[in-house]
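Trainee: This is the structure I want to talk about, given as structure tokens.
Protein chains: 2
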Amino acid sequence: MPLTLYELWGATDKRFSPFCWRTRMALAHKGLEPDEIIPVGFTEKEKIAFSGQDRVPVIVDNGKTVFDSWSIACYLEDTYPTHPALFGSATARGEALFINSWADRVFMVELFPMVVKDVFDHVREEDREHFRETREKWMKGQLEEVQAKRDERIESFRKRLDVLRHTLGKEPFLCGETPAYGDYIVFGVFQWARCVSPFILLAEDDPIRQWRERMLDLFDGYARNFDGYPC
Amino acid sequence: MPLTLYELWGATDKRFSPFCWRTRMALAHKGLEPDEIIPVGFTEKEKIAFSGQDRVPVIVDNGKTVFDSWSIACYLEDTYPTHPALFGSATARGEALFINSWADRVFMVELFPMVVKDVFDHVREEDREHFRETREKWMKGQLEEVQAKRDERIESFRKRLDVLRHTLGKEPFLCGETPAYGDYIVFGVFQWARCVSPFILLAEDDPIRQWRERMLDLFDGYARNFDGYPC
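So the sequences go chain by chain: L and A. Using this note's numbering, the first residue of the first sequence is number 139, and each one after it goes up by one. Using this note's numbering, the first residue of the second sequence is number 139, and each one after it goes up by one.
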């Protein structure tokens, strides 16, 4: 039975969703290759209406529909226990949920205003009005104006990543000696920025940058091989 | 061979160090009871000079000296692998280090100014001058004045715990269905506050509060049985 992934796409077929990247990396880690990848634009919700909700990623695996990147990771781990482990234990799964919360509620929240216009520029023409309207409401400001402040924001952004930096100064991956889902959670957010923005987020000597390079190298340069900016 | 724990003490024999509480909970989890617990005041560094550094906790286990709460947890896990697991896997250990960084670099940093005068009040008379001098330098202000602003700070403090709250809204412990070292890392900080401060940190209906209650219940109410404030 086939495995199908529904993921966000943008202009020039760019695949930039941080959540979809978590799922892409999780699938690669498990050695599972989707038989089909169906792109979904911001205003193409009808393509995933069958899932009973309106956000990507969605997978359909052997007829089973699963949505939400966290739920997909748990599903893959439970359904393919003999493939390389995304968590490997209930404790690691529990802790990864904390990393997931941090990535969504701290890291993404800090990062989004700094790349929001760059994201916009990679959104499909037909999705731009929708994107601008919804994101300007979230951001409480015009995309261009919000992003223009990134030079002022970068220092506090980097400081907010201190938790990540300190951890990665002590171990090569967030999951220890080898990468696992906790790494993919955070990496997905970096890959999102890399796909759309030329803005340099990390200083040259930042241990996070070295970790990001290691992540880009995984699975024969899987994430690096996607069109992106030097970052 | 005996197991000895060196930990911080305060006035009226109060044991309130967040780092020592991590070690206490780790020992309890492993089912290891120290044969001797040696209290160390802020100005009694000579008691632990043998460890080659000046901070508690320190353990001496079968003649082996280990210091730093994280290193102690790793030592206990590696030395007592058949006892209940603090991590249970390299992945979980890796992820717990992220939780440790967050607890030290976000949670404690936010919490300390709100209870610093309460901590001072529980410091031994002979340690107070040292405590005031060093902490007022860190805080860049008089202890009384710093703490007096806690009513203004509490809202942003609670907001900063959103990562923790969101996680604990989805699972009973940070380590999933059952507690492990990731939980003790964060709990140690709460227990520190509980030991010294009557200030209410969490709203009644906060999921973090319910988790804290579960933590206080562990090991027959081990942490709850220590003298503390309703919190």
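Each residue gets a CB set at the ideal place from its N, CA and C atoms; glycine is no exception.
Let me confirm a value: W144 (chain A) is counted as buried when at least 16 other C-beta atoms fall within 10 Å, else exposed. Which label applies?
Mentor: At residue 144 (chain A) the sequence reads Tyr, which differs from the Trp that was named. Per the 10 Å Cβ criterion, buried.
Trainee: List the endpoints of the continuous beta strand (DSSP E) containing F311 (chain A).
Mentor: Careful: F311 (chain A) lies outside any beta strand (DSSP E) and carries neither H nor E.
Trainee: Do A230 (chain L) and T82 (chain A) have their beta-carbon atoms positioned less than 8 Å apart in this structure?
Mentor: One cannot answer for residue 82 (chain A) here, as it falls past the ends of chain A, which runs 139 to 369.
Trainee: Which parts of the region 196-262 of chain A are runs of the beta strand (DSSP E), unbroken and 3 residues or longer, counting only runs that do not cross its ends?
Mentor: For the region 196-262 of chain A, whole beta strand (DSSP E) runs of length 3 or above, ordered along the chain, are 196-199 and 202-205.
Trainee: Just to check my reading of the structure: I346 (chain L) and L302 (chain L) have Cβ atoms closer than 8 Å, yes? What is that Cβ distance to the nearest angstrom?
Mentor: Indeed they touch by this definition, with Cβ atoms about 6 Å apart.
Trainee: Spell out the partners DSSP gives P172 (chain L) in its beta bridges.
Mentor: Looking at the DSSP assignment, P172 (chain L) forms no beta bridge with any residue, so it has no partner.
Trainee: Are any of the Cβ atoms in chain A nearer than 8 Å to that of H286 (chain L)?
Mentor: As written in the sequence, residue 286 (chain L) is Ala, which differs from the His given in the question. Answer no: the Cβ-Cβ gap between A286 (chain L) and chain A never drops below 8 Å.
Trainee: Does the beta carbon of K297 (chain A) come closer than 8 Å to any beta carbon on chain L?
Mentor: No, because no Cβ of chain L sits closer than 8 Å to the Cβ of K297 (chain A).
Trainee: Helix, strand or coil, according to DSSP, for P177 (chain L) in the structure here?
Mentor: The answer is strand: DSSP assigns P177 (chain L) an E or B state.
Trainee: Assuming T142 (chain L) is part of the beta strand (DSSP E), what are its boundary residues?
Mentor: That run of the beta strand (DSSP E) goes L141 to L146.
Trainee: Are the C-beta of T272 (chain L) and some C-beta of chain A separated by less than 8 Å?
Mentor: Not closer than 8 Å to any Cβ of chain A, the Cβ of T272 (chain L) fails to qualify, so no.
Trainee: At what residues does the alpha helix (DSSP H) containing K297 (chain A) begin and finish?
Mentor: Here the alpha helix (DSSP H) through K297 (chain A) covers R288 to R298.
Trainee: Can you give me the C-alpha to C-alpha distance between L170 (chain L) and S335 (chain A), rounded to a whole angstrom?
Mentor: Looking at the two C-alpha atoms, the distance is approximately 52 Å.
Trainee: Please confirm if the region 144-157 of chain L is in contact with the region 323-330 of chain L, defined as three or more CB-CB distances below 8 Å between the two stretches.
Mentor: The answer is yes - the region 323-330 of chain L touches the region 144-157 of chain L, with three or more Cβ pairs under 8 Å.
Trainee: Select from L:R288, L:R266, L:I197 and L:A166 the residue whose C-alpha is nearest the C-alpha of P317 (chain L).
Mentor: Selected option, being the one with the closest Cα: L:A166.
Trainee: Quick one, which residues of the region 191-216 of chain L are near chain A if we go by CB-CB under 8 Å, in chain order?
Mentor: Flagged: no residues at all.
Trainee: Compile a chain-ordered list of the residues in the region 225-256 of chain A whose CB is closer than 7 Å to at least one CB of chain L.
Mentor: Against chain L - using a Cβ distance shorter than 7 Å - the residues of the region 225-256 of chain A are F225, G226, S227, A228, T229, A230, R231, G232, E233, A234, L235, F236, I237, S239, W240, R243 and V244.
Trainee: Taking 8 Å as the cut-off, decide whether the C-beta atoms of I210 (chain L) and A241 (chain L) are in contact.
Mentor: Not in contact: I210 (chain L) and A241 (chain L) (Cβ atoms no closer than 8 Å).
Trainee: Given that a residue counts as buried once 16 or more other Cβ atoms are within 10 Å of its Cβ, and exposed if not, what is D216 (chain A)?
Mentor: It is exposed - the Cβ of D216 (chain A) has fewer than 16 other Cβ atoms within 10 Å.
Trainee: Check whether chain A comes within 8 Å of E290 (chain L), counting only Cβ atoms and requiring the distance to be less than that.
Mentor: Not one chain A Cβ lies under 8 Å of E290 (chain L).
Trainee: Beta-carbon of K152 (chain A) versus every beta-carbon of chain L: anything under 8 Å?
Mentor: Closer than 8 Å: no.
Trainee: Under 8 Å, do F245 (chain A) and V324 (chain A) count as touching if we go by C-beta distance?
Mentor: Yes, these two residues count as a Cβ contact at 8 Å.
Trainee: Taking only beta-carbon atoms, is G326 (chain L) less than 8 Å away from chain A?
Mentor: No, G326 (chain L) does not count as interfacial toward chain A.
Trainee: Report yes if the C-beta distance between L281 (chain L) and F258 (chain L) is below 8 Å; otherwise report no.
Mentor: Result yes, Cβ atoms of L281 (chain L) and F258 (chain L) sit closer than 8 Å.
Trainee: From the DSSP output, in three-state form, read off L281 (chain A) for me.
Mentor: In this structure, L281 (chain A) counts as helix in the three-state DSSP scheme.
Trainee: Could you give the DSSP three-state label for K275 (chain L): helix, strand or coil?
Mentor: K275 (chain L) falls in the helix class under three-state DSSP.
Trainee: Tell whether a beta-carbon distance below 8 Å holds between E309 (chain A) and L146 (chain L).
Mentor: No, these two residues do not count as a Cβ contact at 8 Å.
Trainee: Taking only the alpha-carbon atoms, compute the straight-line gap between E248 (chain L) and N200 (chain A) and give it to the nearest angstrom.
Mentor: Approximately 48 Å between the Cα atoms of the pair.
Trainee: If D173 (chain A) sits next to P140 (chain A), beta carbons under 8 Å apart, how far is it from one beta carbon to the other, in whole angstroms?
Mentor: Confirmed, about 4 Å.
Trainee: Can you pull the chain L residues whose beta carbon is under 7 Å from the beta carbon of F311 (chain A), in chain order?
Mentor: G232, listed in chain order.
Trainee: With 9 Å as the limit, tell me which residues of the region 346-364 of chain A have their beta carbon closer than that to any beta carbon of chain L; keep them in chain order.
Mentor: Going along the region 346-364 of chain A in chain order, one finds no residue with a Cβ nearer than 9 Å to chain L.
Trainee: Rounded to the nearest angstrom, how far is the Cβ of G314 (chain A) from that of C313 (chain L), given a contact under 8 Å?
Mentor: Going by Cβ atoms, the distance from G314 (chain A) to C313 (chain L) rounds to 15 Å, so no, they are not a contact pair.
Trainee: Roughly how many angstroms lie between the CA atoms of M277 (chain L) and A341 (chain L), to the nearest whole one?
Mentor: One C-alpha to the other measures close to 26 Å.
Trainee: Given that T220 (chain L) touches chain A, what residues does it touch there, using C-beta distances under 9 Å?
Mentor: None at all; the shortest Cβ gap to chain A is about 16 Å.
Trainee: Hey, is V301 (chain A)'s beta-carbon within less than 8 Å of any beta-carbon in chain L?
Mentor: Yes, V301 (chain A) lies at the interface with chain L (some Cβ there is under 8 Å from its Cβ).
Trainee: Do R193 (chain L) and Y322 (chain L) count as a contact pair if the criterion is CB distance below 8 Å?
Mentor: Contact flag unset, no.
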